[in-house]
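In what follows, a single structure is set out as structure tokens and then discussed.
Chains as they are written, first to last, in this note's numbering: chain A, 9 to 279; chain B, 207 to 777.
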């Protein structure tokens, strides 16, 4: 199995603060890979490094073997990485369809003159993008809201729309930053299934940050645990669940010594 | 929102005081007096008096807005209290102004003003009573209008507006059509020496009512069925037909109107072109540019330098040859300004662009470039464009240039708005970081917006140069930038038809009504404040903007989740 994303000794410092320290991970192609950790562990910072929003202080990030270091966010998107945000960041005053069409931007080519002259190529491209956008909205379960303003959609729909927007650029790697944040148990369950469906039907690699252990344990093949910017564990859900350092990071030192009790605290798969 | 809408004494008095401050303001600032010369209705009502009548009317109208259906009577009652207070405040001014000389502080508190406030009464006591009771009555009238059924209300308002507009337009109509045979009977019928005749009042009022009713009827008629029954081909014919008809109308319009109104239309048109350009920068891309006049100036100066036959003559090109250069140089200037401000957002961007606008003006005034662009003396003898023997000499002919310019610019703006480029601009406006993460090249997208806007301003400047026939630095003040920005805001940010409306209101009206000229900035300020409070999305809002500003961006989960929930669970 080839490696889709590889981070090699990535360090990101803000002044004296090390947000991400010496982090190395390899995300296999078509896998669902989770990064977890307590608040402030540097998960989102790592995402921002991958998408080029932050410049890494040290280390290298490879997508399909090519380095992403020094590329602007828009270039990285062109290379095939797309993302969603922890606090939904849709284009609030654009319609649902327009949001998806903006996401389609890197796959389209019409420029200023193409738009003004409305050339056959532009028209074809617009029509294709429109169809593709509507298909995507249906795919994420947003039927008949294409002309609704993004901000008027309910919370769950906004999350879905954000994913549709990210998918519109046909990425190889999708970064999901807490996709189930703020959702109730049934919505969370739906979203979990939806993420698996994304991988299975579209064949894309998914790297996600998630707080909900139930989700993480259920869908991810590999999990990396961060604490204070450092990787403290990596492995399958089963390995992570029984790792004493993970338990310590999540529940404190006292809990880790009472190993047996603590294992029971971490929710198990399929509960 | 949910609390019961029952007015209190405090609200009523508060409103009354606001109305009172308003009447005091218009009186002491001199507007009442300045507008007193213009009769709306012959011998009966002047524009100045109307200005005094409006605040109590509005106060009554507003206080009725604040009541719901159950409290109609008390709404009217409270409205009358508000009007009473407003009238009393005005009466206080009259009493005070008659007793002591206020002119040391308020230069406009003149005997003439006091004379107007007397409303033809002999004694001060009677006049005071008239003001107070009149205020109350007017606000009751306002409240009654507000509480009457919508159809009647809009009919009345439309009729009254028609009377006021026709009253104000008397002079303009006379200037425009005074020489024509067909106009004289109309004038005799509608107008006395000064102001509308009573016959004219009745006719125009009924006309306004008729328009309002007709609009209400056509609005309630279902539109979809009409469109469906038409075949595609027929729609196309209708489209072409209306286009040709529009073109013919535009062709004969300036001949019909004559030089003076054409000149005003040209001025408005030049602002429309700039408005559409700035709309791309501010409305679509969300980049607040306060130095927009710079590109207008550059366009004008390029045409000036390349075409002038005066003392600064260089190559003496024809206007047509110089035009593309003017647009191109402005466009480049847009890119050049764009580069240093790429990283800036919001306030910082506004300040830097403001500076850029001033730099261009100062450079134009400077001795440094005086040998080429004439410094404060400007460039004279800019020739008129010519096609064969047809010279675009007078305002009537320049009008065609302006109309074609607006056509081109609006067409380009429409096309860009719904295309990939336009969506990128809007994404930029909404959230720059996310736009970049979605693969949008911020540098190119921003520069494209600046360049497009600047090119439009350059075109506008080129037309301006030949329209005026000479160019002076003082034509390119900061105030031009502010005008353009204001007209966009009044018309509706992001909306192209809004630019037309805004330009007519902010540029056309002050040209039409010369008395307004002194109070132009005051009116701008008042209009902008009122617009922001009452109709922040502008007169003709962009479709998406409308929703943005009215529901304040909050998602109401309880009410919104219902229709979409079934769709979500389908997966």
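Built from N, CA and C at the ideal position, the CB exists for glycine as well.
This structure is a prediction, so every number in the text was calculated from the model and none was measured.
Contact list for residue i against chain B, beta-carbon separation under 7 Å
i: residue 129 of chain A; result: Neighbours of residue 129 of chain A on chain B: none; closest Cβ ~12 Å, over 7 Å.
i: residue 71 of chain A; result: Those do not exist, as residue 71 of chain A stays about 14 Å from chain B at its closest Cβ, beyond 7 Å.
i: residue 114 of chain A; result: 645
i: residue 111 of chain A; result: 644
i: residue 91 of chain A; result: 643
i: residue 218 of chain A; result: Ordered by position in chain B, no residue passes the 7 Å Cβ test against residue 218 of chain A, which lies about 19 Å from the chain.
i: residue 106 of chain A; result: 629
i: residue 97 of chain A; result: 637 and 640
i: residue 81 of chain A; result: 642 and 643
7 Å Cβ cut-off: residues of chain A touching residue i
i: residue 371 of chain B; result: Correct list: empty, because the minimum Cβ distance to chain A is about 35 Å.
i: residue 618 of chain B; result: 124
i: residue 626 of chain B; result: 113, 116, 118 and 123
Interface partners of residue i on chain C, CB under 7 Å
i: residue 294 of chain B; result: Note that chain C does not occur in the displayed structure, where the protein chains are A and B.
With 16 other Cβ atoms within 10 Å as the buried cut-off, status of residue i
i: residue 15 of chain A; result: buried
i: residue 202 of chain A; result: buried
i: residue 525 of chain B; result: buried
i: residue 501 of chain B; result: buried
i: residue 411 of chain B; result: buried
i: residue 445 of chain B; result: exposed
i: residue 10 of chain A; result: exposed
i: residue 117 of chain A; result: exposed
i: residue 342 of chain B; result: buried
i: residue 261 of chain B; result: buried
i: residue 458 of chain B; result: exposed
i: residue 20 of chain A; result: buried
i: residue 752 of chain B; result: Interpretation of residue 752 of chain B is limited by its pLDDT of 41, a score under 50 that renders its predicted location unreliable; no figure is taken from the coordinates.
i: residue 397 of chain B; result: buried
i: residue 756 of chain B; result: Because residue 756 of chain B carries a pLDDT of 41, less than 50, the predicted location of this residue cannot be relied on, and no value is offered for it.
i: residue 199 of chain A; result: buried
Residue i: contacting residues in chain B (beta-carbon distance under 8 Å)
i: residue 102 of chain A; result: 629, 632, 633, 636 and 750
i: residue 74 of chain A; result: Here the premise fails: no neighbours, minimum Cβ distance about 17 Å.
Closer than 9 Å at the beta carbon, the chain B residues around residue i
i: residue 61 of chain A; result: 639, 642 and 643
i: residue 85 of chain A; result: 642, 643, 644, 645 and 646
Within chain A, partners of residue i - CB distance below 9 Å
i: residue 622 of chain B; result: 120, 123 and 124
According to DSSP, residues forming a beta bridge with residue i
i: residue 592 of chain B; result: B:597
i: residue 231 of chain A; result: A:42 and A:243
i: residue 91 of chain A; result: A:183
i: residue 21 of chain A; result: A:26
i: residue 35 of chain A; result: A:13
i: residue 66 of chain A; result: A:19
i: residue 72 of chain A; result: DSSP, once it has assigned bridges, lists no residue as partnering residue 72 of chain A.
i: residue 157 of chain A; result: A:103
i: residue 443 of chain B; result: Looking at the DSSP assignment, residue 443 of chain B forms no beta bridge with any residue, so it has no partner.
i: residue 397 of chain B; result: B:402
i: residue 576 of chain B; result: In DSSP, residue 576 of chain B forms no bridge with anything.
i: residue 215 of chain A; result: A:41 and A:183
i: residue 205 of chain A; result: Residue 205 of chain A is not bridged to any residue.
i: residue 245 of chain B; result: B:252
Supposed contact pair residue j and residue i - C-beta distance, whole angstroms, cut 8 Å
i: residue 70 of chain A; j: residue 87 of chain A; result: Actually they are not in contact, since the Cβ atoms of residue 70 of chain A and residue 87 of chain A sit about 11 Å apart, beyond 8 Å.
i: residue 61 of chain A; j: residue 643 of chain B; result: 7 Å
i: residue 477 of chain B; j: residue 653 of chain B; result: About 25 Å separates the two Cβ atoms, so there is no contact after all.
i: residue 345 of chain B; j: residue 451 of chain B; result: That pair is no contact at about 46 Å.
i: residue 141 of chain A; j: residue 189 of chain A; result: Between residue 189 of chain A and residue 141 of chain A the Cβ distance is about 25 Å, and since that is not below 8 Å, they are no contact.
i: residue 340 of chain B; j: residue 368 of chain B; result: Not a contact, Cβ separation roughly 24 Å.
i: residue 213 of chain A; j: residue 106 of chain A; result: With a Cβ gap of about 27 Å, residue 213 of chain A and residue 106 of chain A do not count as contacting.
i: residue 352 of chain B; j: residue 271 of chain B; result: 6 Å
Residue i Cβ short of 7 Å to the ligand ZN heavy atom set
i: residue 278 of chain B; result: The ligand ZN is absent from the structure shown, which contains no ligands of any kind.
What residues in the region 167-189 of chain A bring their beta carbon closer than 9 Å to a beta carbon of chain B? 168, 173, 174, 176 and 177
Can you pull out the residues from the region 642-661 of chain B whose beta carbon lies closer than 8 Å to at least one beta carbon of chain A? 642, 643, 644, 645, 646, 647, 648, 654 and 658
Between the region 224-246 of chain A and chain B, which residues of the former have a C-beta closer than 7 Å to a C-beta of the latter? none
Where the region 521-544 of chain B meets chain A: residues whose CB sits under 7 Å from a CB there: none
Can you list, in chain order, the residues of the region 20-40 of chain A whose Cβ is nearer than 7 Å to any Cβ on chain B? none
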